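So in the numbering used here, the last one in the sequence shown is 1738, and the numbering has no gaps at all.
All C-beta atoms in this analysis are idealised placements derived from N, C-alpha and C, irrespective of residue type, glycine included.
From a predicted model like this one, the values you see are computed outputs, not experimental measurements.
What follows is a short report on a single structure.
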Amino acid sequence: PDRFVEGKCPYCGYERARGDQCDACGRLLEPTLLIDPYCVICKSKPVIKRTKHWYFDLPMFSEKLTEYIKNNRQLPNNARNFSLNFIKEGLKPRAVTRDVTWGIPAPFPEAEGKTVYVWIEAVLGYVSATIEHFKNLGQPEKWREYWFNKNAKTLYFIGKDNIPFHVVILPALLLASHEDYNLPWNVSATEFLQFKGEKASKSQKIGIWIDEALELFPPDYWRYFLMATRPETKDTNFSWELFIEKINSDLNDTFGNFIHRTLKFINTQFNDEIPEPKCLDEDDKHVLESLKEKVENIAEEIEACKLQSAVNSVTGISRIGNHYLNEKEPWNQIKKDREKAANTIYVAAQIVKALAVVSAPFTPFAAEKLWKTLNLSGSVHEQRWSEALERLPPHHKIAKAEPLFRKIEAEEAELNERLEKIREKLSKSA
């Protein structure tokens, strides 16, 4: 029922705060806290009635929660800072029950006719889903390995409006069990992605939805863009201008261009074979050492859920490759000293191989296509991370190179027009 009541947030003044939480500032609310509340269905003013509810004593865990949050170095700053401030302002007991007919019946004595409110059973669903999964597999005790084994880590990807539920309420519920549950290891919370300065709304046609997006461009374009601009520290804003810039400049002109020019050179100048290096100079060795460092850094960034940094580091490897080719000029070297050209292209080919592996989490379809072009066995998605630094041997044959990406030639007006046509088509087929 809390979601049926909206009004002005008493903390930030947002006009459409809901009865349980404000979307603007993220504060947890009660319907009675709203200023000028109204029913979202009929717009009438709600009537307050007295009823009996069961509560979870959240304040009891303030000290333990503070200790957990301060000692968890894995938590991103936005999740840590919001949660510590939330606790500092004073936690309040949270109602566990509601007077509604749908939901899980409240299991408490004298709680007939009441159900468990969603906030408590939703986050505990992580545990119950694990239990249910292994019960269905005929291994009813195996779920414990994920929640009690101290080598197991639980990782949550959420929007910032869910921070209090995952960093405060879920740990408190697990602590309240008096069993030694693993508390959340990391809660990767993104800020909001807005569409041209407005909050996304399907009913108001604000934003682009997955089915529409895939009709416009390949999934790799969207995956790359969304991770390269992932709102990790502040709200970000989608615009066609930024999307086109990221795809054309980063994905096509930098990442795709380096790979294509390297492989095409191998096709045309070395009979589709990785050339054999004779004596690598200091520049060659430095580039290979930089590659090793970058690959290791990307692994650390992914582990820390710094996906924006990680995907931009992948593009950074491409920039190193392009700079290296521009400095060495193998198209001129081949005319004067074939051995030097062979060294250059051998090194560039190792960068391409590394890019196939490290780009796989971000642009999986392009990475798989590149893996096949390199004529390597299996799938790139079956490889260990260390495979990025396993060198392509001399005389290894590759396939004919084809561009991994295409430039977006359309401008904003044309893209908006295409989007409207796609929406019409999808609405007719719905």
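Less than 9 Å separates the beta-carbon of Gly1334 from that of Asp1469. Bounds of the beta strand (DSSP E) holding Ala1497 are Asn1494 to Thr1498. Sixteen is the threshold: when 16 or more other Cβ atoms of the shown chains lie within 10 Å of the Cβ of Thr1498, as they do, the residue is buried. Distances from the CA of Ala1332 to each of Leu1633, Lys1507 and Arg1406 were compared; the closest alpha carbon is that of Lys1507.
Burial of Ser1626 is indicated by the presence of at least 16 other C-beta atoms within 10 angstroms of its C-beta. Trp1679 sits close to Val1688, with the two beta carbons spaced by under 9 Å.
With a threshold of 16 other beta carbon atoms within 10 Å, Gln1447 falls short and is exposed. Rounded to the nearest whole angstrom, the CA to CA distance from Lys1661 to His1704 is 12 Å. Following the DSSP letters along the chain, one finds Pro1345 inside the beta strand (DSSP E) bounded by residues Ile1343 to Cys1347. Within its own chain, the residues whose Cβ lies closer than 7 Å to the Cβ of Asp1580, once the five positions on either side in sequence are excluded, are Ile1574, Lys1705 and Ile1706, listed in chain order. In the DSSP assignment, Tyr1464 falls within the unbroken beta strand (DSSP E) covering Leu1463 to Gly1467.
For Thr1544, the enclosing beta strand (DSSP E) starts and ends at Thr1544 to Phe1546. If only complete runs of 4 or more residues are kept, the region 1595–1653 shows the alpha helix (DSSP H) at 1615–1636 and 1638–1644, in order along the chain. Taking the Cα of Glu1440 as reference, the smallest distance to any Cα among Asn1385, Trp1451 and Trp1410 is reached at Trp1451.
Taking one beta carbon from each stretch, the region 1628–1637 and the region 1542–1553 have fewer than 3 pairs nearer than 8 Å; the two do not touch.
Residue environment for Ile1343: exposed (fewer than 16 other C-beta atoms within 10 angstroms of its C-beta).
Of all alpha-carbon atoms in Leu1491, Ala1650 and Arg1569, the one lying nearest the alpha-carbon of Val1476 is that of Leu1491. Look at Glu1690 here: in three-state DSSP terms it is helix.
About 10 Å separates the beta carbons of Thr1374 and Leu1399, which is beyond the 8 Å limit, so they are not a contact pair. Inside the region 1411–1497, DSSP marks whole beta strand (DSSP E) runs of 3 or more residues at positions 1463–1467, from first to last along the chain.
Taking 8 Å as the upper bound for CB-CB distance, Val1431 and Trp1362 are not in contact here, some 17 Å apart.
Contact between the region 1717–1736 and the region 1517–1527 is present, with at least three C-beta pairs closer than 8 Å. In the DSSP assignment, Lys1705 forms a beta bridge with Glu1581. By the 16-neighbour rule on beta-carbons within 10 angstroms, Arg1381 is exposed. The beta carbon of Arg1311 lies closer than 8 Å to those of Arg1326, Gly1327, Asp1328 and Val1348 in the same chain, with the five residues before and after it left out. If you check the CB distance, Pro1672 and Ile1582 do not come in under 9 Å. For Phe1390, the number of other beta carbons within 10 angstroms of its own is at least 16, and it is reported as buried. Judged by their CB atoms, Tyr1425 and Thr1462 are not nearer to each other than the 9 Å cut-off. Taking C-beta atoms as the reference points, Leu1571 and Thr1681 count as a pair closer than 9 Å. In the structure shown, Tyr1529 adopts helical secondary structure according to DSSP, grouped into three states. In summary, Val1619 is buried, with 16 or more beta-carbon neighbours lying within 10 Å of its beta-carbon over all protein chains present. Per DSSP, Glu1397 is not a residue of any beta strand (DSSP E), being assigned neither H nor E. A residue is called buried when at least 16 other Cβ atoms come within 10 angstroms of its Cβ; Ala1437 does not meet this threshold and is exposed. Counting along the chain, Lys1316 sits inside no alpha helix (DSSP H); it lies in the beta strand (DSSP E) bounded by residues Val1313 to Lys1316. In this structure, Asp1488 keeps its C-beta atom at 9 Å or more from the C-beta atom of Lys1715. Here Leu1734 is exposed: its Cβ has fewer than 16 other Cβ atoms, across all protein chains shown, within 10 Å.
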